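This note's numbering puts the sequence shown at residues 40 to 213.
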Amino acid sequence: MKGIRSQFSLLRYTVMQDDRFPHITLPVLLYKGILDLPWFMPSRLIKSIFAKNRWLNFWTDGMLPYHHYHPNTHEAIGFYKGETILKLGGHHGETIKVEKGDVLVIPAGIAMKNLGDQDQVKCVGAYANGIQAETFTGEAGELNVAVQELKRVAMPVEDPVFGPKGGLVRLWKK
40 MKGIRSQFSL LRYTVMQDDR FPHITLPVLL YKGILDLPWF MPSRLIKSIF
90 AKNRWLNFWT DGMLPYHHYH PNTHEAIGFY KGETILKLGG HHGETIKVEK
140 GDVLVIPAGI AMKNLGDQDQ VKCVGAYANG IQAETFTGEA GELNVAVQEL
190 KRVAMPVEDP VFGPKGGLVR LWKK
């Protein structure tokens, strides 16, 4: 498949409950080194891979330097420049390194924060079925609303990289 390496690692992270963020049992998936990016316009390749698998409503930027999450949709992020350290799951969550060539798939409700400078890394994000994402930051009163929204989030039928036969389809079970 164009733009996808045959040699990569699939890493799974399960984050523990935090007092400000929802408890989610689905693992965060990190396709380490999966993207074979062109020198010119690498973001276009990531968008085409995601779009083919119905992960849409793209954004292109760096990663936000504060805890935030989406209670109404799952998110896929493809990294095309640089590297950084992310905190997943809130203040007591898992710390991971992401870099150019990686794809991160984050279940709805999992908080994330860039521990580095927002411009250290560039990426393309997309949402399952192109849903317009709501962004919560763990403020007082959000948790109860988020828990109700999470009950309505559909399970994706396609992995953002490999489509209907991808890791997410096999590894995410409600």
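Positions of the beta carbon are idealized from the N, C-alpha and C atoms, including for glycine.
Just so it is clear, the structure is predicted and the values come from calculations on it, not from any experiment.
- Counting of Cβ neighbours within 10 angstroms places Tyr-105 among the exposed residues, the total staying below 16.
- Here Ile-149 is near Tyr-108, since their CB atoms are less than 8 angstroms apart.
- In the three-state DSSP reduction, Phe-89 falls in the helix class (H, G or I).
- Under the 10 Å beta carbon count, Val-200 is surrounded by 16 or more other beta carbons and is classified as buried.
- Taking one beta carbon from each stretch, the region 195-210 and the region 91-101 have 3 or more pairs nearer than 8 angstroms; the two touch.
- With 16 or more other Cβ atoms from the protein chains shown falling within 10 Å of its own Cβ, Ala-147 counts as buried.
- Note that the C-beta distance between Arg-51 and Leu-189 is not below 8 angstroms.
- When the alpha-carbon of His-130 is set against those of Asn-111, Met-151, Leu-143 and Ala-167, the nearest one is in Met-151.
- By DSSP's assignment, Arg-51 forms a beta bridge with Leu-68.
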